[in-house]
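Here the protein sequences line up with chains S and D, keeping their order. Position one of the first sequence corresponds to residue 15 (our numbering), numbered consecutively onward. Position one of the second sequence corresponds to residue 3 (our numbering), numbered consecutively onward.
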Amino acid sequence: MYYAGIDVGSLTAQAVVINSKGIHAFKSMGVKPNPVQSAKAVVDMLISEERVSWNDVRFCVSTGYGREQVQVEGLSQDNMSEISCHGMGAAFLVPEARTVIDIGGQDAKVIRIGPGGELIDFVMNDKCAAGTGRFLEVQARTLGLSLDELGTVSQGAERVLELSSRCSIFCETEVLHYLQRGHSKADIAAGVNRAMAERVAALVRRVGLEKEVTMSGGVAKNAAVRAELERMLNVRLIKYNADSQIVGALGAALMARRMGGS
Amino acid sequence: MRTMQSQSTDLYSEYVRDWKEKGGKVLGYACVATPVEIIEAAGVLPYRIKAFGHPDTELGDAYLARFNCRFCRSCLQLGLEGSYDFLDGLVETNGCDHLRGMFENWQHVKKYDFFHYLKVPHFLREDSLEYFTDELALMRDAVAGFAGTEISDDALREAIDTYDEVNAKLKRLYALREQTPPAVSGTEVMQVLCTGSSMLGRDFSDLLDEVLEEKAKARVTDYKARLMIMGSATDEVDLIADIESTGALIAADALCFGSRSFWTRGGESGDPLALLAERYLGHLFCPRMFNDYERRIEYVLDTARRAGVDGAIITYNKFCDLHGVESVSQRMDLERAGIPVLVLEKDYGSKADTGRVKTRVQAFLERLGK
C-alpha cells in the first residue's frame, strides 16, 4: 500500500511515494504553465520511469502553491501548506531536527518543529525575491553561470566581494559593475552566495534558532550558501540522506499516510 | 445583505449617488479620530475615504514616495484620477504622516473649496482634551460655514444620539459574530462597516436593523478556527475573504475599519463638543497615541478573550511604521497570554500576495492543529 505527496512550487514540481518502509520512489521536474499540468506530468514520470502503480496509492496529499487546484482536479484527496509539509518531511529524514530552513524558487521559510515534526512556529520572507532561489537565478544569469556552477565556482574565490544592496535588481547592477571592473566570477559568485546567506540568516533570527538545523529546497544544494549560513549562525546544517528538493512532497506523503489511515 | 455585498466595495455607491442627485454635500475623511457627528449635524454626508485594495498607484507615487504606505497611495491615486470627484471637501487629521501626505497632496492638486485640518493630540491628558475640544469648535465653525448653516448644541446632541444607536447595533452585530456558532462571517462584518462608512448615521442605523433581523437566525458552521485580526488601516474585504477561504473565521477584530471605529464611545461631559472630545480622543486605540500602549493591549486582550479566539493575526501594510513597531510588543503580549499569533506583513492591494497570504494562514491553522 502506497501513500503519495505532490509538491508543485513556483519553479519545480515533485512527487514522492512512500510505503511502510520509507521512500519508495520520487521524481522532480521543472514546472509546466499551470500547477495541474505540472502535477500530472510529474506523476506520469513517476508511473512510467519508476513503475509505480498509481492505483495502489491509497491517499495523496498535495502541497505547494498549486495545492488547491491539484486537489480540485482530483489528483489528491487533501492539501496541506508547504510549511507543515517541509517540517514533517524534515523530521522524518532528521528526527532530531527542530529548525528547518527551506529556500524555494520564490520564497524562503524558517520553520520550527517539535519532536514529531509538528509545526511550532514559522516565518516566511516578505514579498520580495531577495533571499530566495530567484535571487540566485538572476545573479547566476548575469554571471553567465548555471545555478549549480554558482555554488561550485565560488569555492575557488580568492576573496568575497561585498554586495551591499538588499534588492535583487540592484544587486544585479552591482554584479555587472564588478564584472566590468574585471573581477573574477569566483569572487563575485562568493559575494552573491554570502549576500543570499545574510538574508536567510536574518530570517532565522526572527523566528529563533533551535538545534538541530536542516535545510531543504533547491538552494540547499548550493554548498557555498550552506557554508556561509553555518558560519553566520554558528551551527552545523545536517544533511539529508535524500534529495533536499523532495522534502515538501515527502512531508505531504507522510501527511497522506496519517490522513489515509495507516 | 446581498445588495450590500454587491455595493460594499463601490466608492460611488447608489446611496451616495442619490444623495448627490438630491443636492447633498459630501465631506471626505479618513481617520477614526474624525467626529462624524459634527459633519452629520450640519446636514452633510460624512464619507470615509477607502481604496478597497485598489492596486494602481502611479499618480499617488508621483506625489508620495514608494516607501509610503500603499493604502494612502491608493487612496491618493483614486482621488487624483477622479474617482472621488463627488466629494465636496476633505477633513484632514494628523493620524499619521503618510495620511497627512496623502491629504495635502490631494488638496494641492484638486483644490477643494473646503479643506479643514483637524489637529488631534498624541497624548490623552486633561489639557489635551481641552485642546481637542477647542479644535472641535474650530471644526464645527468650519463645517457650519461650508454647509451654510449653524450647528447648534441640540443638533450635535441629536447626532451623538444617532451614533450611540448605530454603535449599539454594531455591538449586537459583533455579538452575532462572536457567538458559537457565529451568525455572520468576518467578511460580512467588514462589508457592513464599509457600507456604513459611506452613509449618514441615521440611514446606517436603519440598514443595521435589517441586517440584524436577517442574520439573527443565520449560522456559520463550516470553519476550523476562530481568529482575531488587528493592525493597520485596511478596508480590504478581499483580504478577509481570502483568510476565511482557508477555513478561518474572523470572529473578532481590533481594526480601525472595524471595532476600533465604534466600540468605546463613552463620555460624561454635558457640553456636546467636550463630550465628543472624550468620545474620540479618550478612546483612540491607535499606535499614533503616545504613552497609551497598556490600554491598547488591554483592549486587544479583552476582545480576544470575549470572542474566545484560537489565535490572532496581526496584519500591517508594508511601510506602516506605527503598526509595524506596535506588532512586536503586541505579538509578545498576546503569546504571553496564551494566544498564538501570525504576523502578516503585506503589500496593500497586491493581488500577487494572495497565494502567500493564504499559505501563511493555512500553515497557521495547521500550527493550531485545525
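By construction, the Cβ of each residue, glycine as well, lies at the ideal position given by its N, Cα and C atoms. All figures in this text were calculated on a predicted structure; none of them were measured in a lab.
Range covered by the beta strand (DSSP E) that runs through residue i
i	result
N33 of chain S	26-33
L229 of chain D	227-233
L47 of chain D	47-50
G78 of chain S	71-78
L29 of chain D	28-31
F40 of chain S	36-44
L133 of chain S	133-138
V22 of chain S	16-22
V227 of chain S	227-230
Whole-number beta carbon distance between residue j and residue i, since they are thought to touch under 8 angstroms
i	j	result
V114 of chain S	A104 of chain S	4 angstroms
A253 of chain D	M230 of chain D	7 angstroms
V45 of chain S	A39 of chain S	20 angstroms between Cβ atoms; not a contact.
L344 of chain D	I315 of chain D	5 angstroms
N107 of chain D	L66 of chain D	7 angstroms
G23 of chain S	G119 of chain S	6 angstroms
R50 of chain D	S200 of chain D	7 angstroms
D90 of chain D	F73 of chain D	Not really, about 23 angstroms apart at Cβ, beyond 8 angstroms.
L324 of chain D	P342 of chain D	That pair is no contact at about 24 angstroms.
T77 of chain S	G232 of chain S	In fact, because the Cβ distance is near 16 angstroms, the residues do not count as touching under 8 angstroms.
V218 of chain S	I252 of chain S	Wrong, their Cβ atoms sit about 15 angstroms apart, outside the cutoff.
F73 of chain S	M273 of chain S	6 angstroms
Proximal chain S residues relative to residue i, where beta-carbon distance stays under 9 angstroms
i	result
R369 of chain D	I97, S98, E132, L133, I134, D135, F136
R362 of chain D	S95, I97, F136, M138
G249 of chain D	Near G249 of chain D there are no residues of chain S at all, since even the closest Cβ is about 11 angstroms away, more than 9 angstroms.
The alpha helix (DSSP H) enclosing residue i, as first and last residue numbers
i	result
N207 of chain S	199-221
T156 of chain S	147-157
M59 of chain S	49-64
K372 of chain D	Element bounds for K372 of chain D: n/a, residue is neither H nor E.
M269 of chain S	261-273
Y17 of chain D	16-23
T187 of chain S	182-194
D162 of chain S	161-167
L247 of chain S	237-247
E279 of chain S	In the structure displayed, chain S extends from 15 to 276; residue 279 of chain S sits before or after that span and is not available.
V38 of chain D	38-43
Environment of residue i [buried if 16+ CB atoms lie within 10 Å]
i	result
F287 of chain D	buried
H100 of chain S	buried
R307 of chain D	exposed
R358 of chain D	buried
T11 of chain D	buried
K320 of chain D	buried
L140 of chain D	exposed
A154 of chain S	buried
H110 of chain D	exposed
F125 of chain D	exposed
M334 of chain D	exposed
G269 of chain D	buried
H191 of chain S	exposed
E63 of chain S	exposed
E16 of chain D	exposed
T223 of chain D	exposed
G340 of chain D	exposed
N93 of chain S	buried
M138 of chain S	buried
S34 of chain S	exposed
Contacts that residue i makes with chain D (C-beta to C-beta distance below 7 angstroms)
i	result
Y17 of chain S	Simply none; closest approach about 18 angstroms.
Y79 of chain S	G357
Partners in chain S for residue i, counting only beta-carbon separations shorter than 7 angstroms
i	result
R68 of chain D	Going along chain S, no residue has its Cβ under 7 angstroms from R68 of chain D, so there is no contact; the nearest lies around 12 angstroms.
A365 of chain D	S95, I97, S98, L133, F136
Chain D residues whose Cβ lies nearer than 9 angstroms to that of residue i
i	result
Y254 of chain S	Per Cβ cutoff of 9 angstroms: no residues; Y254 of chain S is ~21 angstroms from chain D at best.
Please list the segments of the alpha helix (DSSP H) lying wholly inside the stretch 52-118 of chain D, counting only runs of 4 or more residues, in order along the chain.
If we require 4 residues or more, the alpha helix (DSSP H) runs fully inside the stretch 52-118 of chain D come out as 60-65, 72-83, 99-112.
At which residue ranges does the stretch 140-204 of chain D contain complete alpha helix (DSSP H) runs of 4 or more residues, listed in the order of the chain?
Segments of the alpha helix (DSSP H) lying fully in the stretch 140-204 of chain D: 155-180, 188-198.
With a floor of 3 residues, list each beta strand (DSSP E) that falls wholly inside the stretch 325-365 of chain D, ordered by position along the chain.
The stretch 325-365 of chain D contains these whole beta strand (DSSP E) runs: 343-348.
Complete beta strand (DSSP E) runs within the stretch 242-325 of chain D (minimum length 3 residues, chain order):
Qualifying beta strand (DSSP E) stretches, in chain order: 250-256, 313-319.
Suppose only complete runs of 4+ residues qualify. What are the alpha helix (DSSP H) ranges in the stretch 94-139 of chain S, listed by chain order?
The DSSP assignment places 96-107 as complete runs of the alpha helix (DSSP H) inside the stretch 94-139 of chain S, in order along the chain (cut-off: 4 residues).
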